[in-house]
Amino acid sequence: MGGPVSLFWRIFSLNAAVLTVAALVLLFAPVTVSTTARMTEAVIIFAGTIATLIANAALLRVGLRPLARVTRVMTTIDLLRPGTRLAAEGPGEISALMHAFNTMLERLEHERASSAGRALAAQEDERHRIAQELHDEIGQTLTAVLLDLKRVADSSPGPVRDQLRQAQESTRNSLDEIRRIARRLRPGVLEELGLASALRALAIEFTTAGLTVRRQVASDLPALGKDVELVVYRVAQEGLTNAARHSGAHQVELSLQGQADGVRLCVRDDGRGIGAATEGAGLRGMRERALLIGATLTVEPAPGGGTAVSLHIPTAAQA
Numbered sequence: 007m008g009g010p011v012s013l014f015w016r017i018f019s020l021n022a023a024v025l026t027v028a029a030l031v032l033l034f035a036p037v038t039v040s041t042t043a044r045m046t047e048a049v050i051i052f053a054g055t056i057a058t059l060i061a062n063a064a065l066l067r068v069g070l071r072p073l074a075r076v077t078r079v080m081t082t083i084d085l086l087r088p089g090t091r092l093a094a095e096g097p098g099e100i101s102a103l104m105h106a107f108n109t110m111l112e113r114l115e116h117e118r119a120s121s122a123g124r125a126l127a128a129q130e131d132e133r134h135r136i137a138q139e140l141h142d143e144i145g146q147t148l149t150a151v152l153l154d155l156k157r158v159a160d161s162s163p164g165p166v167r168d169q170l171r172q173a174q175e176s177t178r179n180s181l182d183e184i185r186r187i188a189r190r191l192r193p194g195v196l197e198e199l200g201l202a203s204a205l206r207a208l209a210i211e212f213t214t215a216g217l218t219v220r221r222q223v224a225s226d227l228p229a230l231g232k233d234v235e236l237v238v239y240r241v242a243q244e245g246l247t248n249a250a251r252h253s254g255a256h257q258v259e260l261s262l263q264g265q266a267d268g269v270r271l272c273v274r275d276d277g278r279g280i281g282a283a284t285e286g287a288g289l290r291g292m293r294e295r296a297l298l299i300g301a302t303l304t305v306e307p308a309p310g311g312g313t314a315v316s317l318h319i320p321t322a323a324q325a
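In our numbering, each number is its position in the sequence shown, counted from 1, plus 6.
So this is what it looks like as structure tokens:
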């Protein structure tokens with residue numbers, strides 16, 4: 007048997023078949039054309055041309071339909087939502103094209119995951135470095151300033167002492183804020199006490215006068231790897247940050263529960279919902295982190311209003 011027919015020869019043969027049929031009709035049909043074409047003859051030729059074009063267009067559409075599917079997938083593909091593949095079907099070059107397209111997608115998804123992993127690892131290292139400098143350099147400097155202010159205030163007259171006390175209070179608030187930023191950059195409680203304690207501290211941190219965070223962490227969770235715990239923590243942190251800054255929510259539920267097929271983290275708020283807003287850098291960052299551990303992130307409207315951010319870690323990815 008011969009090899010597969012190329013796309014060129016398929017289109018050529020379709021066009022040749024249509025034109026051959028048209029020529030045969032003109033040759034053997036009992037129709038003639040005068041030196042000066044009559045209206046009837048002109049109508050017949052015009053109708054034959056239109057029929058030829060319609061048949062040609064229909065045959066080409068059938069032949070090129072697989073390419074249209076490839077085009078649709080190429081215009082809608084998102085590497086942060088992997089798994090989209092084309093069924094490698096069709097004759098000859100069409101099947102080969104779809105197979106090559108699927109291979110290209112696999113390679114791009116692998117390279118995207120690898121580059122994102124390196125970028126996020128570098129980001130975590132940089133966060134640790136900045137947190138350490140905030141704690142060691144600026145934190146110690148502000149602590150020394152507090153001690154100096156206290157010593158000067160103790161030996162100052164009343165009006166000046168009151169002003170120094172106010173300066174002490176402002177410096178102490180700044181020191182607390184720097185420590186809070188350092189904790190968010192480098193979650194030491196996650197490394198020292200584990201994921202459950204880190205999520206508890208995170209819920210307390212985001213519980214403010216206008217926002218209440220309710221936490222539910224199962225006590226029988228399977229052991230998770232360090233990278234998995236860090237991804238879970240960062241997704242929870244970003245989800246709470248979005249709820250506090252953008253949703254206008256009053257209550258947020260933070261839950262981490264075990265399931266038959268893995269572990270699920272859910273951050274659900276009662277705010278205005280995500281609506282038709284496009285995903286920003288925060289959500290895309292969460293998707294990239296989820297891809298690193300083979301997890302799936304979904305963002306959808308919550309029952310009763312608000313937004314639900316869900317991270318599902320399958321059993322195979324928990325280590």
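All residues carry an ideal CB built from backbone N, CA and C; glycine is no exception.
Predicted, not measured: the structure shown is a model, and the values here were computed from it.
Exposure of residue i, with buried meaning 16 or more beta-carbon neighbours within 10 Å
{"i": "Leu260", "result": "buried"}
{"i": "Met45", "result": "exposed"}
{"i": "Met292", "result": "buried"}
{"i": "Thr313", "result": "buried"}
{"i": "Ala276", "result": "According to the sequence shown, residue 276 is Asp rather than Ala. Answer is buried; the Cβ neighbour count reaches 16."}
{"i": "Asn248", "result": "buried"}
{"i": "Met7", "result": "Its pLDDT being 44, under 50, Met7 is placed unreliably by the model, and nothing is read from it."}
{"i": "Arg296", "result": "Note that residue 296 corresponds to Ala in the displayed sequence, not to Arg. It is buried - the Cβ of Ala296 has at least 16 other Cβ atoms within 10 Å."}
{"i": "Thr81", "result": "exposed"}
{"i": "Phe52", "result": "exposed"}
{"i": "Arg16", "result": "buried"}
{"i": "Arg192", "result": "buried"}
{"i": "Leu205", "result": "buried"}
{"i": "Ala412", "result": "What is shown of the chain runs 7 to 325, which leaves residue 412 out entirely."}
Proximity to residue i [Cα-Cα], best of the options
{"i": "Ile299", "options": "Asn248, Thr321 and Ile136", "result": "Thr321"}
{"i": "Asp154", "options": "Arg171, Gly310, His141 and Glu143", "result": "Arg171"}
{"i": "Val181", "options": "Ala159, Gly164 and Ile144", "result": "Sequence check: residue 181 is Leu here, not Val. Checking every option, the nearest Cα to that of Leu181 belongs to Ile144."}
{"i": "Leu103", "options": "Ala127, Leu73 and Ser121", "result": "Leu73"}
{"i": "Ala93", "options": "Ile83, Phe107 and Thr82", "result": "Phe107"}
{"i": "His256", "options": "Gly200, Val315 and Thr214", "result": "Thr214"}
{"i": "Glu175", "options": "Thr149, Val258 and Leu199", "result": "Thr149"}
{"i": "Gln222", "options": "Gly216, Ser203 and Ala229", "result": "Ser203"}
{"i": "Gly54", "options": "Arg71, Arg75, Arg206 and Leu25", "result": "Leu25"}
{"i": "Val241", "options": "Asn62, Arg189 and Glu294", "result": "Glu294"}
{"i": "Ala229", "options": "Arg251, Ala122, Leu201 and Ser162", "result": "Leu201"}
{"i": "Gln243", "options": "Arg274, Gly311 and Val49", "result": "Arg274"}
{"i": "Ile100", "options": "Ala128, Arg75, Leu111 and Arg178", "result": "Arg75"}
{"i": "Leu140", "options": "Arg190, Gly216 and Val166", "result": "Arg190"}
{"i": "Glu328", "options": "Arg133, Ser120, Leu262 and Val305", "result": "Residue 328 falls outside the range modelled here, since the chain spans only 7 to 325, and no answer is possible."}
{"i": "Arg124", "options": "Gly264, Ala250 and Asp233", "result": "Asp233"}
{"i": "Gly310", "options": "Ile136, Arg167, Val258 and Ala159", "result": "Val258"}
{"i": "Ser253", "options": "His105, Val49, Thr77 and Val315", "result": "Val315"}
{"i": "Glu115", "options": "Asp131, Ile83, Arg133 and Arg135", "result": "Ile83"}
{"i": "Ala224", "options": "Ile50, Gly231 and Leu271", "result": "Leu271"}
Presumed contact (8 Å Cβ cut-off) between residue i and residue j, rounded CB distance
{"i": "Leu303", "j": "Val238", "result": "Contact doesn't hold; Cβ gap of about 11 Å is too wide."}
{"i": "Leu59", "j": "Leu20", "result": "Wrong, their Cβ atoms sit about 13 Å apart, outside the cutoff."}
{"i": "Gly288", "j": "Pro307", "result": "Wrong, their Cβ atoms sit about 18 Å apart, outside the cutoff."}
{"i": "Gly268", "j": "Ile319", "result": "5 Å"}
{"i": "Leu152", "j": "Arg178", "result": "6 Å"}
{"i": "Ala250", "j": "Leu217", "result": "6 Å"}
{"i": "Asp226", "j": "Gly194", "result": "With 8 Å as the limit, Asp226 and Gly194 do not qualify as a contact, their Cβ atoms being about 25 Å apart."}
{"i": "Arg91", "j": "Leu70", "result": "Going by Cβ atoms, the distance from Arg91 to Leu70 rounds to 20 Å, so no, they are not a contact pair."}
For residue i, the residue or residues it bridges with in DSSP
{"i": "Thr177", "result": "DSSP, once it has assigned bridges, lists no residue as partnering Thr177."}
{"i": "Gly264", "result": "Val269"}
{"i": "Val258", "result": "Val219 and Asp275"}
Can you give, in chain order, each stretch of the beta strand (DSSP E) that sits fully within the segment 196-246 and has at least 3 residues?
-> Taking 3 residues as the minimum length, the beta strand (DSSP E) runs contained wholly in the segment 196-246 are 218-223, in order along the chain.
Runs of alpha helix (DSSP H) wholly within the segment 267-323 (minimum 4 residues, chain order) | Listed in chain order, the alpha helix (DSSP H) elements of length 4 or more contained wholly in the segment 267-323 are 287-298.
Which residue spans inside the segment 84-149 form an unbroken alpha helix (DSSP H) run of at least 4?
-> Entirely contained in the segment 84-149, the alpha helix (DSSP H) runs reaching 4 residues are, in chain order, 99-139.
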